[in-house]
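Take a look at the structure set out below.
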Amino acid sequence: MKNRFLLLLAVLLAGCQYELSPWQTDAHCPGVSVEENLAKLAAFEQSIGKVDYYQVAIIGDPQQYPGSFESTIKHVNNLDDVHFILLVGDLAETGVKAEFEWMCKAMSKSNKPIISVIGNHDSLSFGKDIWLDVFGPYDFAFTYQNSRFVAYNDNKYEFDDVPDRDWLAAQAAPIVDQPWDHVIGVSHIPPWEADIGFDAHLKENDFELTVHGHESSFDHWQWQDDLLPHYITTQNRDPGFGMLSVYPGLPLELSDCTRECVPSVPRTVVKSAAALPSQGP
Amino acid sequence: MTIQRMAVLLLLTFGQIQGANAVFMDLQSGSLMGMVHASVGGTFADNHHLSAGVGYVPKLDRHEEMSMGSLRYRYQNPYRWNFSVKDRSYGISPLNFGVALLVGSHKDLFVKLPDQYPDGYYNPTAIRLIFNYQSILHLNEQTQVYFDVSVLDVGLVSYVREPEFFMDNYDYLGLEGITNWGFGLRHQF
Chain H
1 MKNRFLLLLA VLLAGCQYEL SPWQTDAHCP GVSVEENLAK LAAFEQSIGK
51 VDYYQVAIIG DPQQYPGSFE STIKHVNNLD DVHFILLVGD LAETGVKAEF
101 EWMCKAMSKS NKPIISVIGN HDSLSFGKDI WLDVFGPYDF AFTYQNSRFV
151 AYNDNKYEFD DVPDRDWLAA QAAPIVDQPW DHVIGVSHIP PWEADIGFDA
201 HLKENDFELT VHGHESSFDH WQWQDDLLPH YITTQNRDPG FGMLSVYPGL
251 PLELSDCTRE CVPSVPRTVV KSAAALPSQG P
Chain C
1 MTIQRMAVLL LLTFGQIQGA NAVFMDLQSG SLMGMVHASV GGTFADNHHL
51 SAGVGYVPKL DRHEEMSMGS LRYRYQNPYR WNFSVKDRSY GISPLNFGVA
101 LLVGSHKDLF VKLPDQYPDG YYNPTAIRLI FNYQSILHLN EQTQVYFDVS
151 VLDVGLVSYV REPEFFMDNY DYLGLEGITN WGFGLRHQF
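Sequence order for the protein chains is H and C.
FYI, the numbering used here numbers position 261 of the first sequence as 261, with every residue one higher than the one before it.
FYI, the numbering used here numbers position 148 of the second sequence as 148, with every residue one higher than the one before it.
Structural data, given as C-alpha cells:
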C-alpha cells in the first residue's frame, strides 16, 4: 500500500507543474512567433522561386477547441497548394497561459508557416503580455510572391487608438514605385461600421481585400460605397477554414472550406447613413 | 481592495466559529492558489470542510504582483492508512477532493465588466474555479501536510470536451497538460 501510494505521488509530481496562479505569463510556446514563421516562409519562397499560383489557409477563433484546431492543421498539411496559414486571432478564450500553450501544441503539428494576429479574447487577463512574448508584435507586414500582407491590431475595446491608419498606409505603399500584385489586410475583427472612413482609407491605399475571424461563421461582404471586400472565416471546427487563392495579376479568389471548399463571392451591404463619411458643409 | 476586505471579513467570521467540530488554519503554496495562500475554515458534517483565504504572488518575471481571495470546499474521505516510523505514528488520507472559487485582484482583471464593453460581452476574468485533489499526511492529530493537484476550470472543460487531444499530446492520460501541483500545511485547533 505504501509503495503504491509513493508511486502515485511520484507520477503526480512528474506530471504536474508548479504554478502560482492561473494568471502566470510564462507560456511555453516554441516555434510559433511571427518572426520565426516569417523566416520559414521567406526560406520557402526562396527555395521555390516565383510561382503562378498559391493558396493561403485562413483559420480563426480556435479557442476552447485545441483538438479541432490540431485536426484542421493536419488537414491543411495535406494541401500542397497552401503555402502558409493566416491565423486570425482568438487562440484563447480568457487569455490565460494554459489556453495559449494548448494552441501552441496544436500549431507545432503544422508543416507550413503560421502567421498569427491577435484577437480580442487573446487580449484578456494578461494575454497582451503573453502575446508579445510568444508571438511578437501586434502589427506587422510582410511580402510574399510580390503580394503585400498587412497584419494589424483592431481590437478596439482592449487597445487604445487602433487600428493605426497612418501605419497601414505606410505598409501598403509600393516600394520605389513598383506596385504590389495584391495588398491584403489581415486582422481579427472586420471593419466596424462605426469606424467612419476606415474602409475608404484602406481602399484609397490600394488594399484589395481584408481577411478576419471574430464572427464565428463564414461571411464575405463589401460596403456599397467602396466595394472593398472583407472575408470572414468561420470559427475553427474540425475542420473549418477559409482559403485564399492567389494568382499574380488576377483577381483574388476565396472559398469556404470544411472537408470540401465552396467558392465565396462578396455580398454588397448598404451602410447606414450615420456611418457614411460627412460630405462637408 | 474590495476582495481583500471581503477575505478579511470571511477570515474573521470563520475564526469565530468555535462551535464547529474543528477550526483549522491552512497555509498553501502553488497549485494555482498563490505563492502563499492563508485560509481559515471549519469542519462541518464530519467530512466536509469550508474555508476562506487570501493569497499573494509577488512581482516575478513570470507573474504580476497580485493578491487573491478564495472560498473553498473540501471533502475528506474518512479512510486513513496509519503507520509508524521510529515510534511515531503517522496517517495518510489519500482520497480528498475539493473546489475553490478564486478571485484575483489586479487592474488588468475584472469581476464587473468595464464600462467600455456592451453588456455580457465577456465573463469575468478575475473569477476562476479550481478543482483539486489532495493527499494528506497526518503528522499528529492536529497537524497535517498535504500534496495538492489542481485543475483550472478551462482545463477541466477542455479535457472533457476533447480528451483525445490531451491524451495524444501529454503524458499520464493527458493530465500533464492540465494539472498543477502545490503543497500545504494545515493545523486544527
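Idealized CB from N, CA, C, for every residue including glycine.
Original post:
What's the C-alpha gap between Ala-200 of chain H and His-106 of chain C?
Top reply: Taking the straight line joining both Cα atoms gives about 39 Å.
Original post:
Which one or two residues does DSSP pair with Ile-232 of chain H in a beta bridge?
Top reply: As computed with DSSP, Ile-232 of chain H is found in a beta bridge with H:His-212, H:Asp-219.
Subject >> Contact residues within the stretch 253-271 of chain H, judged by C-beta distance below 7 Å to chain C >> reply: Taking 7 Å as the Cβ-Cβ cut-off against chain C, none of the residues of the stretch 253-271 of chain H qualify.
Original post:
In chain H, which residues lie with their C-beta within 8 Å of the C-beta of Asp-26 of chain C?
Top reply: Here the premise fails: no neighbours, minimum Cβ distance about 17 Å.
**OP:** For Gln-64 of chain H, name the three-state secondary structure that DSSP assigns.
**Re:** Reduced to three states, the DSSP call for Gln-64 of chain H is coil.
**OP:** Please compile the residues from chain H whose C-beta is within a distance smaller than 8 Å of the C-beta of Gln-134 of chain C.
**Re:** By Cβ distance, chain H contributes nothing, its closest Cβ being about 11 Å from Gln-134 of chain C, past 8 Å.
Subject >> Contacts of Gly-67 of chain H in chain C (Cβ-Cβ under 7 Å) >> reply: Chain C residues near Gly-67 of chain H: Glu-162, Glu-164, Phe-165.
Subject >> Per-residue DSSP class, three states only, for Cys-104 of chain H >> reply: Cys-104 of chain H: helix per DSSP, three-state reduction.
Original post:
Using a beta-carbon distance below 9 Å, is Asp-61 of chain C in contact with chain H?
Top reply: Output row for Asp-61 of chain C: interface = yes.
Original post:
Where does Arg-161 of chain C sit, in a helix, a strand or coil, going by DSSP?
Top reply: The DSSP-derived three-state label of Arg-161 of chain C is helix.
Original post:
Which stretch, first to last residue, makes up the alpha helix (DSSP H) that contains Trp-131 of chain H?
Top reply: Residues 127-134.
**OP:** Could you give the DSSP three-state label for Gly-280 of chain H: helix, strand or coil?
**Re:** Note that Gly-280 of chain H scores a pLDDT of 42, beneath 50, so its modelled location is shaky; the value from the coordinates is reported in the next line. Note: Gly-280 of chain H maps to coil in three-state DSSP.
**OP:** Give the interface partners of Arg-80 of chain C over in chain H, defined as CB-CB distance under 9 Å, in chain order.
**Re:** Under the 9 Å cutoff, chain H gives no residues; its nearest Cβ is about 12 Å from Arg-80 of chain C.
**OP:** Check each candidate in H:Phe-100, H:Gly-197, H:Met-107, H:Asp-181 and name the one with the smallest Cα separation from Leu-124 of chain H.
**Re:** Comparing Cα positions, the closest option is H:Phe-100.
**OP:** Return helix, strand or coil for Glu-204 of chain H, following the three-state DSSP convention.
**Re:** For Glu-204 of chain H, the secondary structure class from DSSP, reduced to helix, strand or coil, is helix.
**OP:** Take Asn-169 of chain C as the anchor and find which of H:Ile-59, H:Asp-133, H:Gly-67, H:Tyr-144 has the nearest alpha-carbon.
**Re:** Taking only the C-alpha atoms, the option nearest Asn-169 of chain C is H:Gly-67.
Subject >> Residue nearest to Asp-90 of chain H in terms of C-alpha spacing, selected from H:Leu-252, H:Pro-191, H:Lys-109, H:Ser-187 >> reply: With distances taken between Cα atoms, Asp-90 of chain H lies closest to H:Ser-187.
Subject >> Alpha-carbon spacing of Tyr-53 of chain H relative to Gly-119 of chain H, whole angstroms >> reply: Spanning the two alpha carbons is a distance of roughly 29 Å.
Subject >> When C:Phe-44, C:Met-25, C:Leu-60, C:His-49 are compared against Met-35 of chain C, the one with the closest alpha-carbon >> reply: That would be C:Leu-60, whose Cα lies nearest to the Cα of Met-35 of chain C.
Subject >> Below-9 Å beta-carbon distance, Thr-234 of chain H vs any chain C residue >> reply: Taking Cβ atoms only, chain C never reaches closer than 9 Å to Thr-234 of chain H, which makes this a no.
**OP:** Starting from Glu-64 of chain C, find everything on chain H with Cβ-Cβ shorter than 9 Å and list it in chain order.
**Re:** Within 9 Å Cβ-Cβ: Trp-23, Thr-25, Phe-126, Asp-129.
Original post:
How would you label Ala-27 of chain H, buried or exposed, when you count the other beta carbons within 10 angstroms and need 16 or more for buried?
Top reply: Counting other Cβ atoms within 10 Å of its Cβ, Ala-27 of chain H reaches 16 or more and is therefore classed as buried.
Original post:
Since Arg-128 of chain C meets chain A, which of its residues come closer than 7 Å, beta carbon to beta carbon?
Top reply: Of the protein chains in the structure, H and C, none is chain A.
Subject >> Span of the alpha helix (DSSP H) around Ile-47 of chain H >> reply: For clarity, residue 47 of chain H is Ser in the given sequence; the question names Ile instead. Counting along the chain, the alpha helix (DSSP H) containing Ser-47 of chain H begins and ends at 34-48.
**OP:** Report the rounded CA-to-CA distance for Lys-203 of chain H versus Gln-64 of chain H, giving the unit in angstroms.
**Re:** Taking the straight line joining both Cα atoms gives about 35 Å.
Original post:
Can you find a C-beta in chain H that's less than 9 Å from the C-beta of Leu-109 of chain C?
Top reply: With a threshold of 9 Å between beta carbons, Leu-109 of chain C makes contact with chain H.
Original post:
Nearest-angstrom Cα distance between Ala-43 of chain H and Ser-33 of chain H?
Top reply: The alpha-carbon separation between Ala-43 of chain H and Ser-33 of chain H amounts to approximately 16 Å.
Original post:
For the alpha helix (DSSP H) that Leu-139 of chain C lies in, which residues bound it at each end?
Top reply: First-last for Leu-139 of chain C: undefined, no H or E at that position.
Subject >> Proximal chain C residues relative to Gly-95 of chain H, where beta-carbon distance stays under 8 Å >> reply: Correct list: Thr-125.
**OP:** Excluding the 5 residues preceding and the 5 following Val-162 of chain H in the sequence, name in chain order all residues of the same chain whose CB lies nearer than 7 Å to its CB.
**Re:** Around Val-162 of chain H: Asn-153, Asp-154, Asn-155, Lys-156.
Original post:
Is the CB-CB distance between Leu-156 of chain C and Asn-180 of chain C below 9 Å?
Top reply: Asn-180 of chain C is positioned such that its CB atom lies no closer than 9 Å to that of Leu-156 of chain C.
Original post:
With a cut-off of 9 Å, does the C-beta of Leu-95 of chain C fall near any C-beta of chain H?
Top reply: At a cut-off of 9 Å between beta carbons, Leu-95 of chain C makes no contact with chain H.
Original post:
Taking the alpha-carbon positions, what's the Tyr-18 of chain H to Gly-174 of chain C distance?
Top reply: Inter-residue distance for Tyr-18 of chain H and Gly-174 of chain C is about 17 Å (C-alpha atoms, whole angstroms).
Subject >> The alpha helix (DSSP H) enclosing Trp-23 of chain H, as first and last residue numbers >> reply: Annotation: Trp-23 of chain H is outside any alpha helix (DSSP H) and is labelled neither H nor E by DSSP.
**OP:** Would you mind giving the Cβ-Cβ distance between Gln-145 of chain H and Lys-50 of chain H, rounded to the nearest angstrom? I have them listed as a contact below 8 Å.
**Re:** Going by Cβ atoms, the distance from Gln-145 of chain H to Lys-50 of chain H rounds to 7 Å, so yes, they are a contact pair.
Subject >> Same chain only: Cβ atoms within 6 Å of Thr-210 of chain H, ignoring 5 sequence neighbours per side >> reply: Non-local C-beta neighbours of Thr-210 of chain H in its own chain, meaning closer than 6 Å and more than five positions away in sequence, comprise Gly-185, His-230, ordered along the chain.
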